[in-house]
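Chains as they are written, first to last, in the working numbering: chain A, 1 to 438; chain B, 1001 to 1171.
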């Protein structure tokens, strides 16, 4: 069972109910739950969207799009039904925050979904969980049933004349379904192949209706924004980056875990103070700041780096999903790059050629390189391949594969060169993963 | 599906399917979860499962196969009663997932995607399962085991072997 951690620097907003039994609806209500929904029912959609805009809450899935703005793009009048779709297909390597939300605070997800529905004028919300999260789906299903039993969901929610239904859905194993248009395809019972944009989901989404798609952490944050007030939430973070974030510290860290820290928290402090430093007293070699698709950072790059979307972007990487993967000095970066690209090659749906071919070639090149059979030209070829994938695919999976690869080659070129000429790798003992399809 | 048609689904699974399919604006929205639930009950997506799901949704078998092949959890041949899935993605790899994976191979005498002769276990190297902060982790069917060392492998396997033994005793 995932363990909870804590540190004095944490500001517990989204995680405030973790470990308190809030999966039980009565406990959730006792802890102040569902008050935000009542407030929203009383104040109406324009008020909700204004609070969300004031909060500076940005999408926690990785793209960091302002949530209030996203909701405001949905047309008020629509011939087709509008939908809310919650993305709980959490699959970005290094990321396990939504796991804890579903486990400890499922009603926050329900509440956020209802509020999003009220804001855009939708009557139906879908909560999609990755197939591997079966026990969490069961927790969500029970929470939804309990909310129906209390009259918080259904034809007349909280005794009002407003209707809202929630349907939970299981995936069946697919990283790419975490991309919003692929998610809609999957929910429509198809292969998770991304759709071309425009039109954007806010205009033509699920079943052709206007759709708002939010990450599970984003939506679980919504009731807290309403409870606190948008401005108070914004004040916790940095300019344009409101509130807190669930940062997942993993890899070679002394005290791994999910910590809720204000946006803009210094990454070095996060690793050395919150996470207790590098495991076994070793030295830091590199950090992947926001899930495996985000370009690697060097120790000297994290000294003054604040963890918000803008600062990490300026440093040449991305805040992504907030999954901080810590790498010590006994790790082979070529092996790490190979394991990273192997994942994206495995998950590429094959729809766009640059991604399908690019990930496969990168994996082959890195496998050969890591085995000691690389040539000097291969380093440039890896870079050339990755460069040519960037921005040339329907969905961001191509970029997600190319970006980290470019980072590894650029920042650790020497280590790649050290693998030339059949020299044994000084660190690693493993080849390519055996993720063949049977 | 008419009641006189033979179903390979249990009454509970059939009822779950009907309830699921009726919830959505479009019936085939039930397809992906339904395939997984059917696999949970029958063990894998056999020709008969594909045929029945196709008929219940009202689409062709080819269409069902086309969708099913996209999802990595869906399989077309039987796995062991307990499918041991070892994550070796980055967060797990950094904390010894490959040593763990090797230990499972040694203990079970099978390789990746192998099934033990008695059909009790199968082994699979898998991608990130969302337990990164408690790595290295595995999933046995849907149950997570986290923060593991290779030394714990025999104990985990014994736990599942005992479960089989107890079931036999009670049968």
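A virtual CB, placed ideally from N, CA and C, is assigned to each residue, including glycine.
- Near chain A, meaning a CB-to-CB distance below 8 Å, the residues of the segment 1112-1127 of chain B are 1112, 1113, 1125, 1126, 1127.
- If the five residues before and after residue 99(A) are omitted, its C-beta is found closer than 8 Å to the C-beta atoms of 2, 90, 133, 136, all from its own chain and listed in chain order.
- With respect to the 8 Å criterion, residue 243(A) and residue 101(A) are not classified as neighbours on the basis of their beta carbons.
- With a cutoff of 8 Å on beta-carbon distance, residue 115(A) and residue 226(A) are scored as near each other.
- Judged by DSSP secondary structure, residue 1145(B) falls within the beta strand (DSSP E) whose first and last residues are 1143-1145.
- Proximity of residue 258(A) to chain B, defined by a Cβ-Cβ separation below 8 Å, is satisfied.
- Contacts with chain B at 8 Å (Cβ-Cβ) include residue 336(A).
- Its chain contains 1088 as the residues whose beta carbon lies nearer than 7 Å to that of residue 1098(B), once the 5 sequence neighbours on both sides are disregarded; these appear in chain order.
- Residue-level contact by beta carbon fails for residue 148(A) and chain B, as no gap is shorter than 8 Å.
- Within the same chain, Cβ atoms closer than 8 Å to the Cβ of residue 419(A) are found at 334, 369, 370, 372, 374, 425, the five residues on either side in sequence being excluded.
- Contact annotation: residue 318(A) and residue 265(A) have beta-carbon atoms that are not nearer than 8 Å.
- When C-beta atoms of the segment 250-257 of chain A are compared with those of the segment 324-338 of chain A, three or more pairs fall below 8 Å, so the two segments count as touching.
- The continuous alpha helix (DSSP H) containing residue 1154(B) extends over residues 1153-1170.
- Not one beta carbon of chain B lies nearer than 8 Å to the beta carbon of residue 309(A).
- Around the beta carbon of residue 67(A), 16 or more other beta carbons sit within 10 angstroms, so the residue counts as buried.
- Taking a cut-off of 8 Å on C-beta distances, the segment 191-204 of chain A does not touch the segment 33-53 of chain A, as fewer than three cross pairs fall below it.
- By the neighbour-count criterion, in which 16 or more other beta carbons inside 10 Å mark a residue as buried, residue 1010(B) falls on the exposed side.
- When the beta-carbon positions are compared, residue 139(A) and residue 183(A) stay at least 8 Å from each other.
- A direct Cα-to-Cα measurement between residue 1107(B) and residue 177(A) gives close to 35 Å.
- Chain-order list of chain B residues neighbouring residue 252(A): 1094, 1095, by C-beta distance under 9 Å.
- The shortest CA-to-CA distance from residue 9(A) to any of 92(A), 271(A), 301(A) is the one to 271(A).
- For residue 1033(B), no beta strand (DSSP E) segment is defined; the enclosing uninterrupted segment is the alpha helix (DSSP H) at 1031-1042.
- Residue 82(A) and residue 156(A) have their C-alpha atoms spaced approximately 18 Å apart.
- Counting only the Cα atoms, residue 27(A) lies some 44 Å from residue 1066(B).
- Residue 258(A) places its beta carbon 8 Å or farther from that of residue 290(A).
- Between residue 219(A) and the set 241(A), 105(A), 161(A), the nearest pair of CA atoms involves 105(A).
- For secondary structure counted as the alpha helix (DSSP H) over 4 or more consecutive residues, the segment 81-124 of chain A holds these complete runs in sequence order: 97-104, 106-120.
- Residues of the segment 337-350 of chain A that bring their beta carbon within less than 8 Å of a beta carbon in chain B comprise 339, 340, 343, 346, 347, 349, in sequence order.
- The shortest C-alpha to C-alpha distance from residue 69(A) to any of 172(A), 79(A), 386(A), 58(A) is the one to 58(A).
- Secondary structure at residue 186(A): helix, using DSSP grouped into helix, strand and coil.
- Think of a sphere of 8 Å around the beta carbon of residue 132(A): the chain B residues whose beta carbon falls inside it are 1073, 1129, 1130, 1139, 1142, in chain order.
- Cβ-Cβ distances below 6 Å link residue 230(A) to 51, 54, 55 in the same chain, with the five nearest sequence neighbours on each side left out; the list follows chain order.
- At least one CB of chain B lies nearer than 8 Å to the CB of residue 135(A).
- Nearest CB-CB separation between residue 188(A) and chain B: below the 8 Å threshold.
- With contacts defined by Cβ atoms closer than 8 Å, residue 88(A) and residue 216(A) form a contacting pair.
- Here residue 1167(B) is exposed: its Cβ has fewer than 16 other Cβ atoms, across all protein chains shown, within 10 Å.
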